[in-house]
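Enquirer: Residue numbers (this note's numbering): 649 to 782. Here a beta-carbon is modelled for each residue, glycine too, at the ideal position from N, C-alpha and C. Values in this document were obtained by computation on a predicted structure and should not be read as measured data. One structure follows; several queries about it will come next.
Structure (structure tokens):
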């Protein structure tokens, strides 16, 4: 793939290697440059070395968890959109993630097409917030 077709750089932060691999494949297929990290400390180290266009972030990880990373990112790289990709299906956690600066919140398991759609939407400047009935 030529450099001209590269859409942007994304970091995927998840302690589950199978999730990292699946999301990496789906987004690389779309032309994104992918970096992975298995925990918050590793993500923080990667973010200090390079600016990413987007981050997919798990919440429950050993050590520095996703909510902690959100807080750090708000202070360090506030312009990098962060999509929570987590098994935590809890309204309070979702609200807290948005308060800390998350751009979107996806609950695992989810379709890879949803991840690709969110990446394309966020990186093209379109809102990913959808109104839900209720």
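1. Roughly how many whole angstroms lie between the Cα atoms of residue 685 and residue 661?
2. First and last residue of the alpha helix (DSSP H) that includes residue 675?
3. With H, G and I counted as helix, E and B as strand and the rest as coil, what does DSSP make of residue 745?
4. Compare the C-alpha of residue 706 against each of 668, 721, 747 and 733 and name the closest.
5. Quick check on the burial criterion: 16 or more other C-beta atoms within 10 angstroms. Buried or exposed for residue 687?
6. I need the straight-line Cα distance from residue 667 to residue 735, nearest angstrom please.
7. Let's see if you can read the secondary structure: which residues bound the beta strand (DSSP E) around residue 684?
8. One question on the structure: do residue 663 and residue 710 come within less than 9 Å of each other, judged by their Cβ atoms?
9. For residue 779, collect the residues of the same chain with a Cβ closer than 6 Å to its Cβ; drop the 5 residues on either side in sequence, then sort them by chain order.
Expert: Reading off the structure:
1. The straight-line gap from Cα to Cα measures roughly 5 Å.
2. Note, residue 675: alpha helix (DSSP H), 665 to 677.
3. Three-state result, residue 745: helix.
4. The shortest C-alpha separation from residue 706 is found at 733.
5. Burial call: buried.
6. Here the alpha carbon of residue 667 sits roughly 11 Å from the alpha carbon of residue 735.
7. First-last of the beta strand (DSSP E) with residue 684: 681 to 685.
8. A Cβ-Cβ contact shorter than 9 Å links residue 663 with residue 710.
9. Any answer about residue 779 is weak, because its pLDDT of 34 lies below 50 and its placement is not dependable; what the coordinates show is given next. Answer for residue 779: no residue qualifies.
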